[in-house]
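Novice: What follows is a single structure, and I will ask about it in a moment.
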Amino acid sequence: MIILSSQMTSRIVTYIVFLILLLPYFVDLCIYLLCWFGLDDTMKGIDQIFNSHAPALMTKAVDLVPDSFWEQLPESMASFAIFSVVIPYCWNWVDEYLEDVAESKKESSS
């Protein structure tokens, strides 16, 4: 297998583009769609039911989790999805393309 410097550069650029540039827009889109579908009201209703019917131990455990965790959760889930699905797919696509380019140049020089 031939490792090209352009492969490494492409991997770095892909990582930066997806996680740093596109992630905030992706999270905003996900939150907007969830609100558009009415999931925010549904979650508030489920939260009220949970608070009124859950055992005291469960409510204390949920209260121990800081609010900043719940605010960061959508962004963390979107980051995980992009990092575990989208970026490896893009890296594979870039690697296959650049390997084909390297093989075609090798064949043309022979």
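The number in the working numbering is simply the position in the sequence shown, starting from 1, with 1372 added.
The beta carbon of each residue, even a glycine, is placed where N, CA and C say it ideally should be.
Small disclaimer: the values here were computed from a predicted structure and weren't measured.
(1) Is the number of C-beta pairs between the region 1467-1479 and the region 1384-1396 that are closer than 8 Å three or more?
(2) Pick from 1413, 1432, 1454, 1431: whose alpha carbon is nearest that of residue 1397?
(3) What's the C-alpha gap between residue 1448 and residue 1436?
(4) From residue 1417 to residue 1389, what distance separates their C-alpha atoms?
(5) State the CB to CB distance for the pair residue 1402 and residue 1433, rounded to an integer number of angstroms; the pair is presumed to be in contact (CB under 8 Å).
Specialist: In this structure, then:
(1) no
(2) By 1-based counting over the sequence shown, the position of residue 1397 is 25. When each option's Cα is compared against that of residue 1397, the closest is 1454.
(3) As a first step, residue 1448 is located in the sequence shown; it is residue number 76 there, counting from the start. As a first step, residue 1436 is located in the sequence shown; it is residue number 64 there, counting from the start. Residue 1448 and residue 1436 have their alpha carbons spaced roughly 19 Å apart.
(4) As a position in the sequence shown, residue 1417 is number 45, starting the count at 1. As a position in the sequence shown, residue 1389 is number 17, starting the count at 1. Roughly 37 Å between the two C-alpha positions.
(5) Here residue 1402 is taken as the residue at index 30 of the sequence shown, counted from 1. Here residue 1433 is taken as the residue at index 61 of the sequence shown, counted from 1. Not quite, the Cβ-Cβ distance comes to about 27 Å (not below 8 Å), so this is no contact.
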